[in-house]
Each structure stands twice: as C-alpha cells, then as structure tokens.
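I have placed the structure first, in the form of structure tokens, so that the comments after it can refer back to it.
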Amino acid sequence: MGSMSVPNLILNNGIEIPQLGFGVFKVPAGRTKEVVLAALKTGYRHIDTATMYGNEGDVGRALADSGLHRDEVFITTKLPSGRAGHERATLAASLRALGTSHVDLWLVHWPPSARMLAPVWREFLAMRDEGRARAVGVSNYSLEQIDRLTEGTGEAPAVNQIPWSPARYNDALLAGHRERGVVVEGYSPLKGANLASPVLAGIAADHGVSPAQVVLRWHLEHEIVTIPKSSDPGRIAANIDLLGFSLTPDEVARIDSLGRG
Ligand SMILES: NC(=O)c1ccc[n+]([C@@H]2O[C@H](COP(=O)([O-])OP(=O)(O)OC[C@H]3O[C@@H](n4cnc5c(N)ncnc54)[C@H](OP(=O)(O)O)[C@@H]3O)[C@@H](O)[C@H]2O)c1
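First residue of the sequence shown? That's 1 in the working numbering, and the numbers climb one at a time after it.
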C-alpha cells in the first residue's frame, strides 16, 4: 500500500503538506539516521524535527543518503524557546545541519513572551519571503495568540502544531482554526491516546487493523496533519499503512466522543 497516495492539504499560501509525517522527537541519538532512512524507504515524505531535538544533522544525513530529491520530502523544523530575537541565525544553523537551502515549514516551537509575539512572527514572514522557508507557522499557540499575530501583520500562521488525539478532540478548537485558515497539525497522536479503549479496539477489529492505525486514520478523516514517531521498523511501516481502509462518519463520531469523557 503506497505512500504515493498519502493525501496533501493546502496551506494558506498555496503550499501542499503531506497529511502524514514522521516525528523524530526522542528517536535514540545514535539511531536517528537509520530510523529516518527506514521511514523514507517505507514511503514517508514529511519529516518533523526541531532545533531542540538535537538531531537535524542526522535527519540531513538521512535525506542525503536516501537518494530522494530535495523537493520530494517536506521538512519541518522549529525555533526553540530562548532563541526569540535570534531567528535568522537559528534558521541558518538549521539549514546547514539539514543540508538544504530552505525548509518547507518553519515553526515557532513555543509562544515567546507577549511582547515578542509579533516581532518573532515578523521575522518568520521575512525569512519566508527570502525563500528560507516555503511556509511558516506556530506550535502550542492559543487562538488568542494566533489572533495577535494576524492583527500585528495581516498574516495568519499556515499551521498550529498542537497536541491532538481522540482524548483531546475539541470541535470548537478545530473550528476556530478552520475559521482562521490555520491547518491543525496534531502531535503525540499515539502517546496521547488510550490505545486500550474499547471504542478504538472495536473499530480496529471491524477493519482488521490496530487501534493505533485507527487513531491515525481518524486524523486523516478530519483533515488534521499527524506526525507519529516510532523507532521500530514494524511500527514505522504500520503507521503509514492507512490507505486500505477508511472510517465511516459514525465511527469518526464515536472516536470524537472520547474527547468529551
Ligand atoms: N511541537 C511540539 O511541542 C511537539 C511536542 C511533542 C511532539 N512533537 C512532534 O510530534 C511527534 C510525535 O509525537 P510524540 O513522539 O510525542 O508521540 P507519538 O508519536 O504519539 O508516540 C510515540 C510513542 O508511541 C509509540 N508507538 C509508535 N507507533 C506505535 C504503534 N503503532 N502502536 C503502539 N505504539 C506506537 C512509540 O514507541 P516506538 O518508538 O517504540 O515505536 C513512542 O513511544 C514528535 O516526534 C515530534 O516530531 C511536537
């Protein structure tokens, strides 16, 4: 079952993002290159790293060894807290480590102080306009903080990367992002889920898949980007094997209701 058909979403500046990515937070340090290469071989075309993860160099080496063209892989990295005011130098270091002239998505990893919210965002837009990032966004922001950026600059972030899983499902929060044209990118989709939940287990059994695959497929049904991490070749493959089944609206609604418990 190919990754060829992992669906894309279109960001607010027209850039396409593969809805399923590979997260590399806490991949064991000595294994990052091998694990990312395994993910690329399995068909992932979207890698989510961050300056804070300390593994951009290994991600870059995996990309170089993969034989894939730069434009075949969507790369995200993030500005750490504490680097507000040093955006340009921090992105330059990320690009050097990743071995690329630009990333596809650059995120503010955590909101800086209220005073710095708009200035950091202005630097992000400038770096994008200079071609160092094809799109820019934020992570761990509230809707109110997103509105501050938009009021200050006229431009909303392309994405907000926030924790998301059935247990965290919140239709008002999702609708708030949609109204603002901000794509929700969920993180910790599996860590944040109760994979032993009878609802997930029942739906998984009906489709002959695992509860983890149901959770990831549920993100795709909602048009939410999801970036599961695994260091295990079998789970790396299982987590992208989502295209041979789909969830009915009733199943989606039953999973949504886990967030209202
Ligand atoms: N923006 C932020 O502040 C932020 C915060 C946290 C994470 N993130 C991003 O989001 C990515 C994903 O989040 P995460 O790493 O926190 O959590 P996650 O992807 O939800 O969960 C990873 C954990 O689940 C296990 N796992 C993976 N596939 C599984 C499967 N099919 N069945 C059962 N267990 C499975 C992994 O173990 P094995 O490795 O042993 O398979 C690992 O312990 C991160 O890597 C990072 O890129 C961003």
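Glycine included, each C-beta is placed from N, C-alpha and C at the ideal position. Given the structure is predicted, the values throughout are model-derived calculations rather than measurements.
About 18 Å separates the Cβ atoms of Glu155 and Leu9, ruling out a contact at the 8 Å cut-off. For His109, there is no enclosing beta strand (DSSP E), as DSSP marks it with neither H nor E. A heavy atom of ligand 1 is found nearer than 7 Å to the CB of His109. For Arg61, the enclosing alpha helix (DSSP H) begins and ends at Glu56 to Ser66. Contact check for Pro111 against Tyr141 passes: the beta carbons are separated by less than 8 Å. Not one heavy atom of ligand 1 falls within 7 Å of the beta-carbon of Pro157. Between Leu107 and Gln145, the C-beta gap is not smaller than 8 Å, which leaves the two residues out of contact. Taking a C-beta distance under 8 Å as the contact criterion, Asn55 and Val24 qualify as a contact pair.
Counting along the chain, the unbroken beta strand (DSSP E) around Val136 starts and ends at Ala133 to Ser139. Boundaries of the alpha helix (DSSP H) harbouring Lys33: Thr32 to Thr42, taken from the DSSP string. In this structure, Ala135 lies near Asn13, with their beta-carbon atoms less than 8 Å apart.
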